[in-house]
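The structure appears right after this line, and notes come after that.
Next up, the structure:
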């Protein structure tokens, strides 16, 4: 967990957004491949030991924070924004509203990743709307 936050803050403070999106895309493809291999080998759908889907979803949820430099946030607002992002992601990941539920019902290795990616996109969208509103 500490490694994840270190990587995220490094990318945030260095403002390497193009590299970030490239690495995110590459990481997503590798995650899908390794998830596919694991599920094929063990024949278990959405095993609890695969947590890379949670990592990707949370990373998507936190991505709008990369672009908040125009929104003069202090440390307290920044921490509140990170907490809100986390809570929104967990809310959508647990509740699984309409599109997430349909993807989650699918029994493919891609669906293991996509349900959390969509939950991250929902959370990210709400964070963006919140930032534009304040």
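In the working numbering, the protein residues as written are 7 to 140.
Think of the CB as a built atom: it goes at the ideal place given N, C-alpha and C, for glycine as much as any other residue.
Every value quoted in this text rests on a predicted model; they were computed, and no experiment measured them.
Query                                                                                                                   : Result
Close Cβ partners of residue 132 (< 7 Å) along its chain, the five nearest in sequence each way excluded                : 94
Segment limits, alpha helix (DSSP H) that includes residue 60                                                           : 58-68
Beta-carbon gap between residue 68 and residue 30 smaller than 8 Å                                                      : no
Close-in-space but distant-in-sequence residues of the same chain around residue 121 (CB under 6 Å, 5 per side omitted) : 106, 109 and 110
Among 125, 86, 85 and 117, the one whose alpha carbon lies nearest that of residue 98                                   : 125
Where residue 112 falls: helix, strand or coil (DSSP)                                                                   : coil
Whether residue 91 touches residue 62 by CB criterion (8 Å)                                                             : no
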